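Enquirer: In this text, residue positions in the sequence shown follow this note's numbering: the first is 10, and each later residue adds one.
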Amino acid sequence: MSEFRSGFVALVGKPNVGKSTLVNALVGKSISIISSKPETTRRRILGVMHGENYQVVLVDTPGLGSSHTLLGRKLRDMATNEGMEADMVAFVVDTTHYPTKEDREAAEIFAKATCPKVLIANKVDVHDTAEKVLPYLQAYSELGDFGDILPVSAQKGVNLDKFKARMLEVLPEGVPFFPPESVHDLDKRTRVEELIREQVLLSTRQELPHAVAVQVEDMKPGDNPEVTLIRAILYVERDSQRRILIGKKGDMLKKLGSQVRPLLEKELGGRVFLELWVKVKEGWRDRPDWLRALGYE
Ligand SMILES: Nc1nc2c(ncn2[C@@H]2O[C@H](COP(=O)(O)OP(=O)(O)OP(=O)(O)O)[C@@H](O)[C@H]2O)c(=O)[nH]1
Ligand SMILES: [Mg+2]
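The following block contains the structure:
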């Protein structure tokens, strides 16, 4: 392969199958947040794989799930459009269970994509032998004509080289889209918001993870320019959620702050002074103005 190849590969599928984990593993850096809660990814995130004679731009998309909110519908549309516009679609499924209604619906949408496709069967590490994976591969391959089916483990790095080789076979000749030092397309403020939200997802349960949005209100150098001052607001939909997130005497919020601060310091490469506030914004997930203000468009 002597010519330079480049293009966009969209990772699509229902929530929680491991799309973001795959993007991080392929890029070799943690750029997209991960959690066991559905709707972890709420925006399109580009992750860039660089090589001497290629550049692959991975498009991490929100999971295609059933949702009753405007946010959910917007995420669905976003993921669908990204998949349709890519140079290749990787339809990601989860081999810890058999296909669900959501897998079938997602498969139906992407059956219509005209670009090359591949079916990525993730989480094979949960099975102790290859034979045990086979019935799952069989069941998922019946969802539609997705070309090859590739069993992988994003977490353990199984068969990711094969996935990469497949992308390079398919992508057209082209030019690099990003400079060599770029591995993602998020600005610093958005990365900070995402890292805070990741810790919220890890620390909360039931409906709360879905109801939280994070907005950095201020981010600037302090009197000591080596310290970044960050003030972030955690928006929730109801007062009961606000009380849970703050915790008894502010315990929960304090814990959250101490979990996230070292992560922000690593990300920004310096000390961070972090202020977290919780505010109620009733029904923000159904309000177009708020979705826009929070960057979910
Ligand atoms: N055992 C195992 N777990 C995995 C693997 N890949 C991802 N997971 C787990 O699956 C869960 C979901 O991972 P994500 O990468 O956030 O899934 P996603 O498809 O991006 O989810 P949404 O953004 O909500 O659509 C997390 O708990 C991951 O740790 C894998 O290869 N093996
Ligand atoms: Mg994700």
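C-beta: ideal position from N, C-alpha, C; glycine also. Values in this document were obtained by computation on a predicted structure and should not be read as measured data.
(1) Could you give the residue range of the alpha helix (DSSP H) that holds R251?
(2) Which first and last residues belong to the beta strand (DSSP E) in which S15 is found?
(3) Once the 5 residues before and after L285 are set aside, which same chain residues still bring their CB inside 6 Å of it?
(4) So with Cβ pairs under 8 Å, would you call G60 a contact of chain B?
(5) Are I129 and V98 close, meaning C-beta to C-beta below 8 Å?
(6) Since V281 and L254 should fall inside the 8 Å C-beta cutoff, what is the C-beta to C-beta distance between them, to a whole number of angstroms?
(7) With which residues is W286 paired in a DSSP beta bridge?
(8) Any heavy atom of ligand 1 within a distance shorter than 7 Å of the CB on D134?
(9) If you run the structure through DSSP and keep just helix, strand and coil, what is L7?
(10) Compare the beta carbon distance of V68 and A19 with 8 Å and say whether it is the shorter of the two.
(11) Output the residue ranges of the alpha helix (DSSP H) runs that lie fully inside the stretch 161-220 and measure 4 residues or longer, sorted by chain position.
(12) Tell me the residue span of the alpha helix (DSSP H) that contains G266.
(13) Is I43 helix, strand or coil by DSSP?
(14) Kindly confirm or deny that the stretch 128-147 and the stretch 163-182 touch, where touching means at least three C-beta pairs closer than 8 Å.
(15) Does ligand 2 have a heavy atom nearer than 7 Å to the CB of T49?
(16) When DSSP builds the beta bridges, which residues end up paired with I158?
(17) How close, in whole Å, do the beta carbons of V57 and V32 come, if the pair is a contact with beta carbons under 8 Å?
(18) Mind reading off the beta-carbon distance from V289 to D260? Whole number of angstroms is fine, and I expect it under 8 Å.
(19) Is it true that the stretch 89-98 meets the stretch 106-125, where meeting means three or more beta-carbon pairs spaced less than 8 Å apart?
(20) Run through the stretch 53-94 for me and flag every whole alpha helix (DSSP H) of 4 or more residues, listed as ranges in chain order.
(21) Just to confirm before moving on: does the CB-CB distance between P218 and K46 stay below 8 Å?
(22) In the DSSP output, which residue or residues are listed as bridge partners for F119?
(23) Count the CB pairs spanning the stretch 193-202 and the stretch 176-185 that are closer than 8 Å, and state whether there are at least three.
(24) Among P24, E12, R82 and S75, which residue has its Cα nearest to the Cα of E306?
(25) Between R51, Y63 and K28, which has its C-alpha nearest P189's C-alpha?
(26) Evaluate R206 with the Cβ neighbour count: other Cβ atoms within 10 Å of its Cβ, from every protein chain shown; 16 or more gives buried, anything less gives exposed.
(27) Is the separation between the beta-carbon of E114 and that of L73 shorter than 8 Å?
(28) Pick from H59, L211 and W293: whose alpha carbon is nearest that of H77?
(29) Locate the beta strand (DSSP E) running through P297, then write down its first and last residues.
(30) Give me the Cα-Cα distance between G279 and G231, rounded to the nearest whole angstrom.
(31) Between which two residues does the beta strand (DSSP E) containing K28 stretch?
Expert: In short, the structure shows the following:
(1) It spans D248 to I255 - the alpha helix (DSSP H) in which R251 sits, taken as one unbroken run.
(2) Unbroken beta strand (DSSP E) run through S15: R14 to V21.
(3) Only A241, L262 and G266 meet the Cβ criterion.
(4) Here chain B cannot be found, since the structure has a single protein chain.
(5) No, these two residues do not count as a Cβ contact at 8 Å.
(6) So it is not a contact: roughly 20 Å between Cβ atoms.
(7) W286 pairs with I242.
(8) Under cutoff, so the answer is yes.
(9) Outside the shown range of the chain (10 to 306) lies residue 7, about which nothing can therefore be said.
(10) Taking 8 Å as the Cβ cut-off, V68 and A19 qualify as a contacting pair.
(11) Complete alpha helix (DSSP H) runs here, min 4: 169-179, 197-212 and 217-220.
(12) G266 -> alpha helix (DSSP H) spans D260 to L277.
(13) Coil at I43, not helix or strand.
(14) Touching, per the Cβ criterion.
(15) Answer for T49: yes, Cβ within range of ligand 2.
(16) In the DSSP secondary-structure assignment, I158 is bridged to L128.
(17) Contact flag wrong, Cβ pair sits at about 10 Å.
(18) About 19 Å separates the CB atoms of V289 and D260; that is not less than 8 Å, and the two are not in contact.
(19) These segments touch.
(20) You should have 79-94.
(21) The Cβ atoms of P218 and K46 lie closer than 8 Å to each other.
(22) According to DSSP, F119 bridges with nothing at all.
(23) Segments in contact, no.
(24) The option with the nearest alpha carbon to E306 is R82.
(25) If we check each option's Cα against that of P189, Y63 comes out closest.
(26) Around the beta carbon of R206, a 10 Å sphere encloses 16 or more other beta carbons of the protein chains shown; the residue is thus reported as buried.
(27) Yes; because the gap between Cβ atoms is below 8 Å, this pair is in contact.
(28) Measuring C-alpha to C-alpha distances from H77 to each of H59, L211 and W293 identifies W293 as the nearest.
(29) For P297, there is no enclosing beta strand (DSSP E); the residue is found in the alpha helix (DSSP H) stretching over P297 to A302.
(30) Roughly 12 Å between the two C-alpha positions.
(31) Bounds of any beta strand (DSSP E) do not take in K28; it lies within the alpha helix (DSSP H) bounded by K28 to V36.
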